[in-house]
Each structure stands twice: as structure tokens, then as C-alpha cells.
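Structure first, commentary second.
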Amino acid sequence: MALMRTMAALLLLVIAFGAAAGGIELREFDDPVMEKRYHDLTASMRCPLCENQAINDSDAPISADMRERVYQLLQEGQSDIEIINHMVQRFGEYILYNPRLESRTYLLWGLPIALVLLGAMVVVLMIRARRNASAKALSAEERQRIDALTNRKRSS
Amino acid sequence: MKRRLLLLLLPVCFLALALFFYQGLSLDPSQRDSALMAREFPTFEASTLRDENRRVDQTLLEGEVTLVNVWGEWCPACKQEMPQLLELADNGIRMVGVNYRDTREKGMQFLSEFGDPFEVNIFDPEGELGFDLGVYGAPETFLVDADGVIRYHHKGYVSPQDVRERILPEVEKWR
Chain A
1 MALMRTMAAL
11 LLLVIAFGAA
21 AGGIELREFD
31 DPVMEKRYHD
41 LTASMRCPLC
51 ENQAINDSDA
61 PISADMRERV
71 YQLLQEGQSD
81 IEIINHMVQR
91 FGEYILYNPR
101 LESRTYLLWG
111 LPIALVLLGA
121 MVVVLMIRAR
131 RNASAKALSA
141 EERQRIDALT
151 NRKRSS
Chain W
1 MKRRLLLLLL
11 PVCFLALALF
21 FYQGLSLDPS
31 QRDSALMARE
41 FPTFEASTLR
51 DENRRVDQTL
61 LEGEVTLVNV
71 WGEWCPACKQ
81 EMPQLLELAD
91 NGIRMVGVNY
101 RDTREKGMQF
111 LSEFGDPFEV
121 NIFDPEGELG
131 FDLGVYGAPE
141 TFLVDADGVI
151 RYHHKGYVSP
161 QDVRERILPE
171 VEKWR
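If you're matching them up, the sequences are chains A and W in order.
For the first sequence, UniProt numbering assigns the number 156 to the last residue and increments by one with no breaks.
For the second sequence, UniProt numbering assigns the number 175 to the last residue and increments by one with no breaks.
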């Protein structure tokens with residue numbers, strides 16, 4: 001039991017050091033809003049080198065450079081859009097996890113909406129068709145056949 | 001009949017999407033154009049690798065088609081592509097280096113060991129010019145035309161085949 005406890009403590013220690021060596025810097029912010037913006041911005045940009053990590057999650061040197069630049073620009077008082085433009089100008093649209101709405105991405109953003117509209121149209125058409133079918137009156141012959149099949153006796 | 005057609009729509013949609021996604025599988029996300037394509041070379045001000053008192057800026061790249069190669073002593077692929085860069089320089093192409101995130105001492109040692117195809121090397125120890133160029137790993141090579149506009153970008157190692165099939169034709173095209 002004591003051995004287990006020591007091993008667990010050692011494991012925790014190793015994990016803690018591993019996280020500390022992960023290279024994500026601690027930064028000082030005077031303003032909690034700015035800190036939140038920093039976290040949101042670095043979470044919304046993809047590392048150009050590692051391809052599926054956000055820059056706040058990546059050890060690549062370029063990610064560290066980009067985090068540093070985001071921090072600098074925030075300190076200079078630039079807006080989120082200005083900072084995003086600054087990065088896209090250098091590293092391309094590729095780094096945005098949320099591509100911007102422009103002629104090249106109309107299909108990307110428009111397709112889901114178009115599909116929902118199409119689905120709604122199909123549902124409306126189906127409901128209408130069903131309603132029309134049930135509203136159709138039965139002929140006398142059909143009614144007799146139904147009565148016979150269901151063993152029903154009509155009073156009228 | 002109408003119903004049949006509607007039912008047929010489903011497999012057709014499926015096939016179209018399957019083809020679209022299948023094509024996506026063969027795309028290589030690391031092969032993408034530089035964001036600086038057809039834009040002017042970023043403005044900069046730096047010293048040169050050999051002479052810390054000599055200042056250079058973006059006008060260095062005007063007047064002649066130039067290949068700008070971003071390299072560092074720490075970068076193994078940069079060593080491997082040196083023979084190709086020397087060959088390009090022998091072909092009369094103007095070469096300018098960007099010594100990226102390196103020290104003067106190591107950079108100079110690299111050049112004396114592997115050869116120096118560069119007319120001049122821009123010294124960029126903090127990687128500032130590299131950042132403005134959107135460089136995320138050396139080596140990277142940019143072709144800049146006589147007006148200082150970036151016309152071609154080669155990411156990574158330049159093989160002898162790349163020299164023949166890509167870089168030389170591009171240089172000819174913009175000369």
C-alpha cells in the first residue's frame with residue numbers, strides 16, 4: 001500500500017513536471033478581459049506547422065512566436081479583428097479554425113443552411129401529400145370492402 | 001415515375017459526396033500557397049550576417065529577379081539543399097539569404113563549410129522578418145521579381161529535381 005502511494009506520488013510529480021516543461025508560457029495580464037481575449041484568440045488559430053493543434057496547445061517554435069505576437073498586439077491595444085488580420089496576412093486563411101465568410105467560403109457556410117431548407121421543404125411536401133391522400137373520399141365499393149375486412153356493421 | 005426519380009436522387013447525392021470526400025483524402029494540407037503570393041516583400045530593416053554595421057531593407061530586392069532563401073545553421077535540410085542553391089547561383093541567379101534564428105558565428109561557420117551562394121545574408125536572429133514572411137520552418141525559398149513582388153514560394157528542401165522542374169522555369173517566367 002505504501003509502495004502504491006509512493007508510486008502514485010511519483011507519477012503525479014512526473015506529470016506535473018511534464019506539464020511545466022510543455023512550454024506554454026505564463027503571461028501577466030492587468031485586465032481579465034484581455035486575458036480572456038488572449039485565450040480565445042490563441043485557441044482559435046491553428047498552428048501552421050503541426051496542422052491540427054491550436055497555437056495555445058502546441059510546442060512548435062512558430063506557435064510560441066505567434067502567441068508572443070498576439071500578446072504584443074493585445075498590449076498595443078489592437079482589436080481582435082486586427083490581430084486576426086495580422087496573422088492571416090502572414091500565414092494565410094489556413095490558420096483560422098473558423099473560416100471567414102467570403103466568396104471562396106460561401107459554399108462551406110451556405111451548404112448546411114441550404115440542406116436544412118431542403119429538408120424542411122421535403123417534410124412540408126410529405127405532410128401535404130399525406131393529408132391529401134387521407135382526405136380523399138372512398139368510393140362505395142371501397143367502403144364495402146373495408147367493412148367486410150374489418151367485420152364492421154354500419155348502422156346507417 | 002416521379003417517386004422513382006426522387007429515390008434516385010439519394011444515391012446520386014451519396015456518390016457526389018463520396019467522390020468529393022475521396023478527393024479530399026489525397027490533398028496534402030502541408031502543400032499550400034504562401035499567403036504572401038503576389039504581394040510585396042515585407043518591409044524590414046536589418047543588418048547583414050557578415051557586417052553588423054551594414055543596414056539593409058526591402059529595396060535590396062528591387063531591380064532584379066532574386067531568390068530569397070531562409071536558412072539557419074540548426075536546420076539539416078538547409079545543409080542538404082546547399083549544392084542546389086550553389087548550382088542556381090552558378091546559373092547567374094541572384095541569391096539573397098535570410099539567416100533565420102541563428103547566431104553570426106554559427107551562420108558564418110555554416111557558409112564556410114557548405115558554400116556561400118548568397119550575394120548577401122540578412123541577419124534575422126529574432127525571426128522577425130521570418131514572421132512577416134510567414135515562415136514556419138526553414139528552409140523556405142521565395143522568388144521575388146524585379147519590382148519586389150513575391151512570385152513563387154517553395155516550402156522545405158529544394159531537390160535537384162525541384163531546381164530543374166520548378167525553380168528554373170519560374171525564374172525564367174518572371175525575368
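For glycine and all other residues, C-beta sits at the position ideal for the given N, C-alpha and C.
- Fewer than three Cβ pairs drawn from the segment 108 to 122 of chain A and the segment 55 to 67 of chain W lie within less than 8 Å of each other, which leaves the two stretches out of contact.
- Taking 8 Å as the threshold, the shortest C-beta distance from Leu118 of chain A to chain W does not fall below it.
- Arg69 and Val88: these are the residues of the segment 68 to 88 of chain A whose beta carbon lies less than 8 Å from some beta carbon of chain W, given in chain order.
- Collapsing the DSSP output to three states places Tyr71 of chain A in a helix.
- Taking CB atoms only, Pro29 of chain W has a neighbour in chain A less than 8 Å away.
- For Phe20 of chain W, the uninterrupted alpha helix (DSSP H) run begins and ends at Lys2 to Leu25, by DSSP.
- For Ser112 of chain W, there is no enclosing beta strand (DSSP E); the enclosing alpha helix (DSSP H) has its first and last residue at Arg104 to Phe114.
- Counting other Cβ atoms within 10 Å of its Cβ, His39 of chain A stays below 16 and is therefore classed as exposed.
- Across the UniProt domain "Thioredoxin" (35 to 173) of chain W, CB contacts with chain A closer than 7 Å involve Ala35, Gly127, Phe131, Asp132, Gly134, Tyr136 and Gly137, in sequence order along the chain.
- For Ala140 of chain A, the enclosing alpha helix (DSSP H) stretches over residues Ala140 to Thr150.
- Ranking W:Trp74, W:Arg94, W:Glu81 and W:Leu88 by CA distance to the CA of Gln109 of chain W puts W:Trp74 first.
- Per DSSP, reduced to three states, the secondary structure at Trp71 of chain W is strand.
- In this structure, Met95 of chain W keeps its C-beta atom at 8 Å or more from the C-beta atom of Phe123 of chain W.
- In the structure shown, Arg128 of chain A adopts helical secondary structure according to DSSP, grouped into three states.
- The alpha helix (DSSP H) runs of length 4 or more contained entirely in the UniProt domain "Thioredoxin" (35 to 173) of chain W are, from start to end of the chain, 76 to 90, 104 to 114 and 128 to 132.
- Closer than 7 Å at the C-beta level to chain W, one finds these residues of the segment 90 to 115 of chain A: Arg90, Phe91, Gly92 and Tyr94.
- Contact check for Gly72 of chain W against Arg101 of chain W passes: the beta carbons are separated by less than 8 Å.
- Distance between Cys47 of chain A and Gly24 of chain W, taken at the CA atoms: about 20 Å.
- Think of a sphere of 8 Å around the beta carbon of Arg32 of chain W: the chain A residues whose beta carbon falls inside it are Gly92 and Tyr94, in chain order.
- By the neighbour-count definition (other C-beta atoms within 10 Å, threshold 16), Val33 of chain A is an exposed residue.
- Within a 10 Å sphere around the beta-carbon of Gln84 of chain W sit 16 or more other beta-carbons, which makes this residue buried.
- The closest CA to that of Asn99 of chain W, considering only W:Ala89, W:Phe20, W:Gly127 and W:Gln80, is found on W:Gly127.
- Taking 8 Å as the cut-off, the Cβ atoms of Val149 of chain W and Glu45 of chain W do not count as close.
- Residue environment for Met126 of chain A: exposed (fewer than 16 other C-beta atoms within 10 angstroms of its C-beta).
- When the beta-carbon positions are compared, Val68 of chain W and Thr141 of chain W come within less than 8 Å of each other.
- At a cut-off of 8 Å between beta-carbon atoms, Glu51 of chain A makes contact with chain W.
- Inclusion of Tyr97 of chain A and Arg32 of chain W in the CB contact set at 8 Å is not warranted, their separation being larger than that value.
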